[in-house]
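Quick note, the sequences are listed as chains A and B, same order. Residue numbering for the first sequence follows my numbering, beginning at 37 and increasing consecutively. Residue numbering for the second sequence follows my numbering, beginning at 219 and increasing consecutively. Using N, Cα and C, we set each Cβ at its ideal position, and we do this for glycine too.
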Amino acid sequence: MRPEPSFDKPWHALVFALTVHLNERGVFDWPDWADRFGATLKRHGLAKELDGGDDYFNAWLETLEGFLTELGMAGPAELAALKQAWHDAYLATPHGAPVRLS
Amino acid sequence: MPHDSHDHPHSLLPSDPALRVKALETLLTDKGLIDPAALDEIIDTYENKVGPQNGARVVARMWTDPAFRSAMLDDPMPKLIEMGLYGRQGEHMVIVENTEDTHNMVVCTLCSCYPWPLLGIPPGWYKSDAYRARAVREPRKVLAEFGVTLDEGVKVRVWDSTAEVRYLVVPRRPVGTEGMSEDELAGLVTRDSMIGCGLAREPGA
């Protein structure tokens, strides 16, 4: 029997690793993180019953973005611009080639 | 959905959240706040190195070594550190043992706190609203859905994890396992049984 993969999607693994790494670098304490994350899950869970996959990691990502914004380490405008840059880079990169920001 | 027959002219565009995570990674890397190699190391650890096999080793040893068992129930941290099973989200473990009259079950109603060094990353159902809400409200019904039916007289105790304290359930040792080695026994200890949502496998099952 093959074990289940730990993460369903690569971005789940990446946002998880980012958070663990920032915690280890002392950017925030884990209980602080858990409180915020729990609050996001609760808020999202009012509208629908969350599954433990995409719904869960969407809440995780939103919490991390909000927390870093609050800490002054990331701003919504910077993040939106970088997201757009990645979006454009994917569209401009031939299939199969590594995607990089120009 | 049928796959387009023509070649993709460009790379497949990742999903919206995947692009947002990439944006975060780029920003934090550019600011020197993260080390990309450390991220790879963290992902590799949780994908390949840490998992329920660690918890199973602990359970099997508790089944076979009475002195170890009592030390673990008293304060597991010294032994866990000795066994190299200490790490993120496992700094303060409490071990709870199923007995003839008590069945233990673990949940995190706040988010998804879980003993990573012993069990790895929690399964999807552990993180779902359904489990998080119902484990406390109707544990017997949830257990029945996992195929676990307990005798009327058995009490169910639900432990709510926190960011500080994590729990590991020691399932009951199956009958007919007297001559088995620790390694063989560890093979009977499932992830679900250590969350309290399953029983240890019967030998030969």
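{"Check": "Just reading off the beta strand (DSSP E) that I313 (chain B) is part of, what are its end residues?", "Outcome": "311-315"}
{"Check": "Going by DSSP, what residues sit across from N188 (chain B) in a beta bridge?", "Outcome": "One cannot answer for residue 188 (chain B) here, as it falls past the ends of chain B, which runs 219 to 423."}
{"Check": "Have a look at F286 (chain B) and D401 (chain B) and give me their C-alpha separation to the nearest angstrom.", "Outcome": "16 Å"}
{"Check": "Report yes or no: is there a C-beta of chain B within less than 9 Å of the C-beta of R61 (chain A)?", "Outcome": "yes"}
{"Check": "So, for L97 (chain A): in the same chain, excluding its five sequence neighbours on each side, which residues have a beta-carbon less than 7 Å away from its beta-carbon?", "Outcome": "V51"}
{"Check": "Using a Cβ cut-off of 8 Å, pull out every chain A residue sitting near L251 (chain B), in sequence order please.", "Outcome": "L58, R61, V63, M109"}
{"Check": "Is the CB-CB distance between L77 (chain A) and I252 (chain B) below 9 Å?", "Outcome": "no"}
{"Check": "Nearest CA to the CA of P389 (chain B): which residue from B:G371, B:D378, B:E396, B:T408?", "Outcome": "B:T408"}
{"Check": "Would a C-beta distance cut-off of 9 Å place K240 (chain B) and L100 (chain A) closer than the cut-off?", "Outcome": "no"}
{"Check": "Taking only runs that begin and end inside the segment 78-126 of chain A, name each unbroken alpha helix (DSSP H) of 4 or more residues, in chain order.", "Outcome": "90-106"}
{"Check": "In the segment 288-309 of chain B, which residues sit with their C-beta less than 7 Å from some C-beta in chain A, listed in chain order?", "Outcome": "R306"}
{"Check": "Suppose you measure from the CA of Y344 (chain B) to the CA of G88 (chain A); what does that come to, to the nearest Å?", "Outcome": "7 Å"}
{"Check": "Taking CB distances under 9 Å as the criterion, tell me whether S42 (chain A) reaches chain B.", "Outcome": "yes"}
{"Check": "Among the residues of its own chain, which have a CB less than 7 Å from the CB of N322 (chain B), if the five just before and after it don't count?", "Outcome": "V314, N316, R375, W377, V387, G414"}
{"Check": "What residue range is occupied by the uninterrupted beta strand (DSSP E) comprising V406 (chain B)?", "Outcome": "According to the sequence as given, residue 406 (chain B) is Leu; it is not Val. From DSSP, L406 (chain B) is part of no beta strand (DSSP E); its letter is neither H nor E."}
{"Check": "What span of residues does the beta strand (DSSP E) with L386 (chain B) cover, start to end?", "Outcome": "384-388"}
{"Check": "Given this structure, state the Cα-to-Cα distance separating G74 (chain A) from R306 (chain B), to the nearest angstrom.", "Outcome": "19 Å"}
{"Check": "Using only the alpha-carbon positions, how far apart do E424 (chain B) and A423 (chain B) sit?", "Outcome": "Nothing can be reported for residue 424 (chain B), as the shown portion of chain B is limited to 219 through 423."}
{"Check": "Kindly list the residues whose CB is nearer than 8 Å to the CB of P254 (chain B), restricted to its own chain and excluding five residues on each side of it in sequence; keep chain order.", "Outcome": "E243, T247"}
{"Check": "Should the segment 281-299 of chain B be called in touch with the segment 349-363 of chain B, which here means at least 3 C-beta pairs below 8 Å?", "Outcome": "no"}
{"Check": "Any C-beta of chain A within less than 7 Å: which residues of the segment 334-368 of chain B qualify?", "Outcome": "G338, I339, P341, G342, W343, Y344, K345, S346, D347, A348"}
{"Check": "With distances taken from CA atoms, which of B:L336, B:P340, B:C331 is nearest A278 (chain B)?", "Outcome": "B:L336"}
{"Check": "Compute the Euclidean distance between the alpha carbons of P392 (chain B) and W122 (chain A), then round it to the nearest angstrom.", "Outcome": "54 Å"}
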